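S.K.: Chains as they are written, first to last, in this note's numbering: chain A, 1 to 113; chain B, 1001 to 1113. All C-beta atoms, glycine included, are put in the ideal place defined by N, C-alpha and C. Small disclaimer: the values here were computed from a predicted structure and weren't measured.
What follows is the structure in structure tokens.
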């Protein structure tokens, strides 16, 4: 069965610093991968997705992620964060049937000045 | 294009009452998914529906929970005889046909007193 592990529950960084949020997945079949962001008391917003093709995926708000099949990872990166990036970030993978998303437990990114 | 709509945004029920959560998918989306988010946890898949059909309900609790997506009108998640453990945020997502991208609504926060 598919599973997602987000290796850091909390990541504190200073404004304008680079950040990497780590995500590993396990799956016996080809998967599609997603990163979502959730601001307090709001729904989830799709940041970026990997479906096929180039392993480097660019998303909204300056975020990007790299799909690494050999390491079963899909880490999220941003070269310079803003205070407004403070939020919860979720990595997700499609289940084997393609009928649902399986989410990690989330990483809280806290950006301070 | 309006996003996924959910109502109510907040719902308070006493133990033993029924809770009805509604979800209107984005225009052109015929697939609806329900997820539950408990404190300190990621989102857990509950059910996947297409118009008038339940496709995958592997994440639904066996008792008290049901979902429908009628030909006309919103999708409904129904929880009968609510208990305190049902307190959570319930998110609906929708997708167009033949797509793995899911777009989330703002959620309904259910509190059982």
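Can we say the stretch 48 to 58 of chain A touches the stretch 1031 to 1044 of chain B, given the rule of at least three CB pairs closer than 8 angstroms?
M.R.: no
S.K.: Contact check, residue 105/A vs residue 9/A under 8 angstroms by CB: the rounded distance?
M.R.: By a beta-carbon distance limit of 8 angstroms, residue 105/A contacts residue 9/A. Their separation comes to about 7 angstroms.
S.K.: Using a cut-off of 7 angstroms between C-beta atoms, extract the partners of residue 1055/B located in chain A.
M.R.: 99
S.K.: From the DSSP output, read off the bridge partner residues of residue 1032/B.
M.R.: 1049/B, 1094/B
S.K.: Applying the 10 Å Cβ sphere with the 16-neighbour rule, what's the burial state of residue 1025/B?
M.R.: buried
S.K.: Taking one C-beta from the stretch 96 to 110 of chain A and one from the stretch 1010 to 1020 of chain B each time, how about it: are there three or more such pairs within less than 8 angstroms?
M.R.: no
S.K.: Would you mind sorting residue 1093/B into buried or exposed? The rule is 16 or more other CB atoms within 10 Å of its CB.
M.R.: buried
S.K.: Are there 16 or more other CB atoms within 10 angstroms of the CB of residue 29/A, so buried, or fewer, so exposed?
M.R.: exposed
S.K.: Work out the CA separation of residue 64/A and residue 1077/B for me, nearest whole Å.
M.R.: 35 angstroms
S.K.: For the candidate residues 1043/B, 1038/B, 1068/B, 1099/B, whose alpha-carbon lies nearest to that of residue 1052/B?
M.R.: 1068/B
S.K.: Looking at the strands, I want to know which residues DSSP matches up with residue 6/A.
M.R.: 23/A
S.K.: Do residue 60/A and residue 15/A have their C-beta atoms within less than 8 angstroms of each other?
M.R.: no
S.K.: Mind checking whether residue 1080/B and residue 1064/B have CB atoms under 8 angstroms apart?
M.R.: yes
S.K.: DSSP three-state label for residue 61/A, please.
M.R.: helix
S.K.: Relative to the C-alpha of residue 1084/B, which residue among 1062/B, 1110/B, 1066/B, 1098/B is closest?
M.R.: Considering only 1062/B, 1110/B, 1066/B, 1098/B, the residue with the shortest C-alpha distance to residue 1084/B is 1110/B.
S.K.: Taking residue 1106/B and residue 1020/B to be in contact with their CB atoms under 8 angstroms, please state how far apart those CB atoms are, rounded to whole angstroms.
M.R.: Residue 1106/B to residue 1020/B, Cβ: 17 angstroms. No contact.
S.K.: Where does residue 1014/B fall in DSSP's three states?
M.R.: coil
S.K.: Verify whether the separation of the beta carbon atoms of residue 76/A and residue 21/A is less than 8 angstroms.
M.R.: yes
S.K.: What is the DSSP secondary structure of residue 84/A, counted as helix, strand or coil?
M.R.: helix
S.K.: Count the other CB atoms within 10 Å of the CB of residue 97/A; is the residue buried (16 or more) or exposed (fewer)?
M.R.: exposed
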